[in-house]
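Shown next, in structure tokens, is the structure this report addresses.
In our numbering, the protein residues as written are 49 to 167.
Next comes the structure, spelled out in structure tokens:
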């Protein structure tokens, strides 16, 4: 089952390097867009229009620890409470499974082999 799911979920497609010239990393979206604007002589786009939407909660994501098994509801988020960091939702077992399933993606897109799953 994991084998077939992997094919559906992974991002890398065999041979894409012959078409794709450059990858943009969402983890560095502001910097990546800035480079493109300079490279092509474009006016800077007000990124706050798309990065400060109501569902954007990264400023509240300050709790560290292990939260892989902790349920969070919309009510909790609506109350304005702190939220766990993205990495806190991944325990060691989940990280290992992700590394196995997305191994080729991590290699092609040059993500680190250990540590944080974020770039």
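Ideal Cβ positions, reconstructed from N, Cα and C, are used throughout, including at glycine.
This one's a predicted model, so the numbers in the text were calculated from it and none came from an experiment.
Next on the checklist: What does the alpha-carbon distance come out to for the pair residue 148 and residue 90?
Outcome noted: Reading the chain shown from its first residue, position 100 is the one you call residue 148. Reading the chain shown from its first residue, position 42 is the one you call residue 90. If you take the alpha carbons of residue 148 and residue 90, they lie about 40 Å apart.
**Prompt:** If you count every other CB in all the chains shown that lies within 10 Å of the CB of residue 131, and 16 or more means buried, which is it?
**Reply:** Mapped onto the chain shown, residue 131 falls at position 83. Buried.
Quick one: grab the DSSP three-state call for residue 131.
To locate residue 131, count along the chain shown from 1; it is residue 83. DSSP places residue 131 in strand when its eight states are reduced to three.
Worksheet entry | Rounded separation between residue 139 and residue 119 - CA only | The residue labelled residue 139 in the question sits at position 91 within the chain shown. The residue labelled residue 119 in the question sits at position 71 within the chain shown. Cα to Cα, the separation comes out at about 14 Å.
Any idea if residue 28 is buried or exposed, counting beta-carbon neighbours within 10 angstroms, 16 or more meaning buried?
In the structure as shown, the chain begins at 49 and stops at 167. Residue 28 is therefore absent and cannot be evaluated.
>> Assuming the contact rule is C-beta atoms closer than 8 Å, residue 71 and residue 159 should be a hit. Round their C-beta distance to whole Å, please.
In response: Translated into the one-based positions of the chain shown, residue 71 becomes position 23. Translated into the one-based positions of the chain shown, residue 159 becomes position 111. 11 Å between Cβ atoms; not a contact.
Taking residue 99 as part of the alpha helix (DSSP H), name the residues at either end of that continuous run.
If you number the chain shown from 1, residue 99 lands on position 51. 96-99 is the span of the alpha helix (DSSP H), which, as asked, contains residue 99.
From which residue to which residue does the beta strand (DSSP E) around residue 110 run? Counting from one through the chain shown, the residue named residue 110 turns up at place 62. 109-111 is the extent of the beta strand (DSSP E) around residue 110.
To the nearest angstrom, how far is it from the Cα of residue 67 to the Cα of residue 61? The sequence position of residue 67 within the chain shown is 19, counting from 1. The sequence position of residue 61 within the chain shown is 13, counting from 1. Straight-line Cα distance between these residues: approximately 11 Å.
- CA-CA distance, residue 76 and residue 116? Residue 76 sits at position 28 when you count from the first residue of the chain shown. Residue 116 sits at position 68 when you count from the first residue of the chain shown. Distance between the alpha carbons of residue 76 and residue 116: 25 Å.
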